[in-house]
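Novice:
In the UniProt record's numbering, the protein residues as written are 1 to 200.
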């Protein structure tokens, strides 16, 4: 059984989410200090409109399927985002990069979809889609934006299946890498769009 619980710093699962995040990126050949990840996740949890979701497995079969051994429970995935505000660093980067009209359209009332990750052993089972939809369900902002690597084809295809469109590319963040900005208009059916178009 997989339980979906809020991602908040005071949750016992929070530390496991940090480990899951680092494992996800390590599998992609990238790494980041644990302290840095924890500080960023904790800081973002204080932003207006923050919400996050954790997929926590407790069923032995689910744990075995994900390749988790010797644990009674494990984080199989996570996602979070928050309301985009002018005083936030990333909002400023997006505003500078987007053409004025696009910036006005997408950033005026925007939910930033910041992170979505699924344990490598739990992929291709629809967990990413479930996390994605759970995060957006009930978001009251008019739009949502995210960024992912220009060459990250699996992520781009996933988000396209969930109803996202390319808004701008390339977008260069402070790490100098090329990203693509993707956007989605939100409404009552925000969580349902694309629900039959693929599994992650």
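Idealized CB from N, CA, C, for every residue including glycine.
So who's on the other strand from residue 179, going by DSSP bridges?
Specialist: Its beta-bridge partners are 149, 171.
Novice: Contact check, residue 41 vs residue 81 under 8 angstroms by CB: the rounded distance?
Specialist: Contact doesn't hold; Cβ gap of about 12 angstroms is too wide.
Novice: Is residue 134 near the ligand COA, judged by its Cβ being under 7 angstroms from some heavy atom?
Specialist: Among the components of this structure there are no ligands whatsoever, and the ligand COA is therefore not found.
Novice: Between the alpha carbons of residue 73 and residue 117, how many angstroms are there, rounded?
Specialist: 17 angstroms
Novice: Assign residue 62 to one of two classes, buried (16 or more other C-beta atoms within 10 Å of its C-beta) or exposed (fewer than that).
Specialist: buried
Novice: For residue 129, which of 78, 33, 153 has the nearest alpha-carbon?
Specialist: Nearest of 78, 33, 153 to residue 129, Cα basis: 78.
Novice: In the DSSP output, what is residue 5 paired with across the bridge?
Specialist: 54
Novice: Mapping the DSSP letters down to three states, classify residue 184 as helix, strand or coil.
Specialist: Note: residue 184 maps to strand in three-state DSSP.
Novice: For residue 143, which residues does DSSP report across the bridge?
Specialist: 110, 185
Novice: Quick one: residues in its chain with C-beta nearer than 7 angstroms to the C-beta of residue 93, no 5 flanking neighbours on either side, listed in chain order?
Specialist: 173
Novice: Judging by CA-CA distance, which residue of 147, 67, 152 is the nearest neighbour of residue 98?
Specialist: 147
Novice: Thinking C-alpha only, which one of 52, 76, 106 is nearest residue 6?
Specialist: 52
Novice: Leaving out five residues before and five after residue 144 in sequence, what residues of the same chain have Cβ atoms less than 6 angstroms from its Cβ?
Specialist: 111, 113, 184, 186
Novice: Taking the alpha helix (DSSP H) that residue 92 belongs to, which residues open and close that run?
Specialist: 89-97
Novice: Taking the C-alpha atoms as reference points, what is the distance between residue 124 and residue 157?
Specialist: 13 angstroms
Novice: Buried or exposed: where does residue 22 fall if 16 or more other Cβ atoms within 10 Å of its Cβ makes it buried?
Specialist: So residue 22 counts as buried.
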